[in-house]
Amino acid sequence: MVELQPGALTLEQLQAIHVGGEQLAVPAASRERIRASAEVVQRAAAGNTPVYGVNTGFGKLAGTRIGTNDLAQLQLNLIRSHSVGVGDALVAPVVRLVLALKAASLARGHSGVREEIVDTLLAAHNAGLVPYVPSQGSVGASGDLAPLAHLTLALMGEGEFVVEGVRVAAMPALQQAGIAPLVLAAKEGLALINGTQVSTALALHALFAFEPVLEAALVVGAMTVDAARGSDGPFDPRIHALRGQPGQIDVARYYRALLKGSEIRRSHLQGDDRVQDPYSLRCQPQVVGACLDSLRHAALVLLREANAVTDNPLVFADEHGTEGGIVSGGNFHAEPVALAADAMALAIAEVGAIAERRIAMRI
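Structure, rendered in structure tokens:
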């Protein structure tokens, strides 16, 4: 069981969810905050003050008031209208992360949804249900609208799930799992599709997938030094301490550990007149270390985002009434995730580039 502490998820927990097989829950303490937040929205929905996404339209229709009797239909229409993604389905590890991240975000109690919304997200995950979410659609600029709409549509019983690689109708799958389909109340559709959970899950998927590749690159790099009769001088800790870059210091330490006790190296200590090794051997700590620093920073950004509340508007239940209690902002914009993903792409490419140069070198 992984208990999703809202705002305090760890990378280890996220990696376990990504792998699969974990059951998810939210702590009882978070439920009081969820209920308080939902009450603020319910008061706003029953009142006369216009509140974006609660009793108004969306985007350019923010100035259009919606009648009380149409508030639930407004949320339903929002989900249906945005379920327009195309392409292959997102893979199960990504969708598992999306379900968990959305539940954890809503459970922080600043989105104004009822407990049933969070519980349905958790129930679907725990039942092993994977909503069909097309991989191409709007992400990042105004929230991950299209993919999150498809995820929500499945939970409403109108979309589809992927079962053993086959798309199946959502309602029978929910019924078989004993899960009641979602019926949305005021603001709940908006809270479900507004946010960066898909962007974040995709970036985490890339990070987790590259971790074993990076480990292999370090081992292969050390083996190449051995095979090429290279020197371990470039990994001397004094060199890297003078520069002070943490990733470089760590990578040099990894290479020293991997090369320690090598019989191949010992057999070539005498009689080698080479002055220094090629860059692709000698500069591995500098290149891969810089990549490691970049990946670590990206992981930090993504962990912050995994713990964030990124829908709009946001609800502050400790403030009475709707004035000040519901505030419009722009947390749905995924710029931090986008820049982290770009940095990861560069780091991954550079690890591959120096590996290619090792392949091409002549000794």
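According to the working numbering, the sequence shown is numbered sequentially starting from 3.
Yeah, the Cβ is synthetic: ideal placement off N, Cα and C, and Gly gets one too.
Would you kindly report the start and end of the unbroken beta strand (DSSP E) that includes residue i?
i	result
P136	136 to 138
V185	From DSSP, V185 is part of no beta strand (DSSP E); its letter is neither H nor E.
A172	Premise fails: A172 lies in the alpha helix (DSSP H), 172 to 179, not in any beta strand (DSSP E).
V120	First-last for V120: 117 to 128, but that is the alpha helix (DSSP H), not the beta strand (DSSP E).
E14	Note, E14: premise wrong, no beta strand (DSSP E); alpha helix (DSSP H) at 13 to 21.
F237	Note, F237: premise wrong, no beta strand (DSSP E); not H, not E.
E162	162 to 165
Going by other Cβ atoms of all chains shown within 10 Å of its Cβ, with 16 needed for buried, is residue i buried or exposed?
i	result
M158	buried
D279	buried
G161	buried
D320	exposed
A30	exposed
N79	exposed
T66	exposed
R245	exposed
G327	buried
G139	buried
N71	exposed
M3	exposed
Which first and last residues belong to the alpha helix (DSSP H) in which residue i is found?
i	result
D252	248 to 261
F210	199 to 229
H152	147 to 157
Under the assumption that residue i contacts residue j (Cβ atoms under 8 Å), give the Cβ distance between them as a whole number of angstroms.
i	j	result
A91	V164	6 Å
K104	G197	7 Å
L99	A203	4 Å
N50	L73	At roughly 13 Å, the Cβ-Cβ gap does not stay under 8 Å, so N50 and L73 are not in contact.
L150	Q77	About 13 Å; that fails the 8 Å criterion.
V353	L216	6 Å
I356	S282	6 Å
S85	F334	Their Cβ separation, rounded to whole angstroms, is 18 Å, which puts S85 and F334 out of contact at 8 Å.
A188	Q75	So it is not a contact: roughly 11 Å between Cβ atoms.
One question on the structure: do residue i and residue j come within less than 7 Å of each other, judged by their Cβ atoms?
i	j	result
V42	V329	no
L6	A106	yes
V290	V339	no
A300	A342	yes
A19	A126	Strictly speaking, residue 19 in this sequence is Ile, with Ala absent from that position. No, they are not a contact pair.
In chain order, which alpha helix (DSSP H) runs of at least 4 residues are fully inside the stretch 24 to 108? 30 to 48, 73 to 84, 94 to 108
Mind pulling the alpha helix (DSSP H) runs of 4 or more residues that sit fully within the stretch 264 to 347? 265 to 269, 281 to 284, 286 to 308
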